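Reviewing the structure listed below.
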Amino acid sequence: MSRIAYVNGLYVPHAEAVVHVEDRGYQFADGVYEVCEVRGGHMVDERRHMARLVRSLNEIRIRQPMPLAALGVVLRETVRRNRVRNGFVYLQVTRGVARRDHYFPDPETPPSIVVTARAADPAKGEAVAAQGIAIITVPDNRWERVDIKTVGLLPNVLAKEAARQAGAREAWFVDRDGNVTEGGSTNAWIVTGDGKLVTRPAESGILRGITRTVMMEVAEKLQLRVEERAFTVKEALGAREAFVTSATNFATPVVRIDGQSIGDGKPGPVARALRENFHKVAEIAR
Ligand code: PLP
């Protein structure tokens with residue numbers, strides 16, 4: 003079956019889905035995006051992802067391309083046309099097409115929208131989680147506004163590629179004070195010796211992950227205590243468990259940081275419990 007993409011009002015074959023060379027997303031990374039899980043054919047936490055999209059758009063003053071209800075229809079239709087049961091839907095909105103110039107274009111310039119969807123085998127993600135992942139740490143060299151989900155991801159790309167070359171799957175960014183901020187495409191968590199979950203406050207230096215927010219609720223249901231505070235690489239190395247969260251990873255255990263084993267070097271019970279219970283708490287509109 004051929005894949006279909008939604009591009010600026012049209013559903014087109016994925017292989018022919020193109021944007022203009024003067025799209026500001028292409029030229030300036032002047033755009034924002036969202037990635038939403040699809041499970042059993044339904045979007046997971048659509049409401050929260052759309053709320054974050056609106057926030058990102060507002061922060062960089064791109065106008066909302068269409069009402070959220072209409073955007074929801076496009077997302078669902080893209081999922082349907084690609085016959086995705088389990089996988090992900092990707093949505094990108096840029097400031098549109100205009101002659102290359104740093105200043106914002108004419109306010110009438112319509113934002114560009116691209117939506118793609120692809121299937122992913124849940125068994126593969128489960129296999130990765132069952133093994134746990136290795137991560138490396140890298141200096142956080144990103145701009146300050148990482149709370150905005152922009153398509154400007156070059157530092158993340160370089161960090162994740164460095165991780166891959168080191169035989170790891172993710173890189174954790176570390177700020178100037180030696181504290182972990184977040185992963186290249188995930189939020190970072192540890193479990194302390196006395197069983198508390200620790201993750202950096204969303205107010206500084208990280209993207210407020212939707213999965214992170216939902217996991218807070220999962221933790222509460224499991225009667226686990228959560229502390230939102232910064233933690234150092236040293237503390238992470240001595241932690242009982244570590245894990246990452248994102249829409250594509252749910253909770254995935256980290257078993258090695260910079261080559262050193264975490265805990266007993268195997269996925270821990272807290273990360274496993276959070277992963278197992280995630281979809282009981284996440285919003286899945288049927
Ligand atoms: N942090 C960064 C830098 C990300 O790119 C992502 C997801 O892509 C996350 C955190 C996790 O966010 P979410 O749980 O909304 O997928």
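Using my numbering, the first residue of the sequence shown is number 3, and each one after it goes up by one. Ideal Cβ placement from N, Cα and C applies to all residues, glycine included. For clarity, every value in this text was computed on a predicted model and none was experimentally measured.
What is the DSSP secondary structure of residue 1, reduced to helix, strand or coil?
The structure shown does not extend to residue 1, since the chain is modelled only from 3 to 288, so the question has no answer here.
Got a sec: does the ligand PLP put a non-hydrogen atom nearer than 6 angstroms to the Cβ of residue 79?
no
Helix, strand or coil for residue 213? Go by DSSP, reduced to three states.
helix
Residue 80: first and last residue of the uninterrupted alpha helix (DSSP H) it sits in:
70-83
Which one of 288, 219 and 183 has the shortest CA to CA distance from residue 138?
183
Determine the DSSP secondary structure at residue 277, reduced to helix, strand or coil.
helix
Residue 284 to residue 92, Cα distance in whole Å?
18 angstroms
Flag this pair as yes or no: are the beta carbons of residue 265 and residue 288 separated by less than 7 angstroms?
no
Residues whose Cβ lies closer than 5 angstroms to any heavy atom of the ligand PLP, in chain order
184, 187, 189, 209, 211, 212, 213, 248 and 249
Nearest-angstrom Cα separation, counted from residue 102 out to residue 132
48 angstroms
I think residue 249 touches residue 212, with their Cβ atoms under 8 angstroms apart; what is that distance to the nearest whole Å?
6 angstroms
Compute the distance between the beta-carbons of residue 115 and residue 58, then report whether it is under 7 angstroms.
no
For a test of the three-state rule: what should DSSP assign to residue 94, helix, strand or coil?
strand
Going by C-alpha to C-alpha distance, which of 177, 200 and 100 sits closest to residue 240?
200
Check whether the region 192-199 touches the region 166-179, taking contact to mean three or more Cβ pairs, one atom from each stretch, closer than 8 angstroms.
no
Run of the beta strand (DSSP E) containing residue 245, from where it starts to where it stops:
243-248
Determine whether the beta carbon atoms of residue 179 and residue 142 lie at a separation below 7 angstroms.
no
8 angstroms contact criterion, which residue 259 and residue 244 should meet: CB distance rounded:
7 angstroms
According to DSSP, is residue 29 part of a helix, a strand, or is it coil?
helix
Taking residue 193 as the reference, which of 255, 187, 165 and 261 has the closest Cα?
255
Work out the CA separation of residue 60 and residue 205 for me, nearest whole Å.
17 angstroms
Report yes if the CB atom of residue 90 is closer than 7 angstroms to the CB atom of residue 9, and no otherwise.
no
How long is the line joining the alpha carbons of residue 73 and residue 14, rounded to whole angstroms?
17 angstroms
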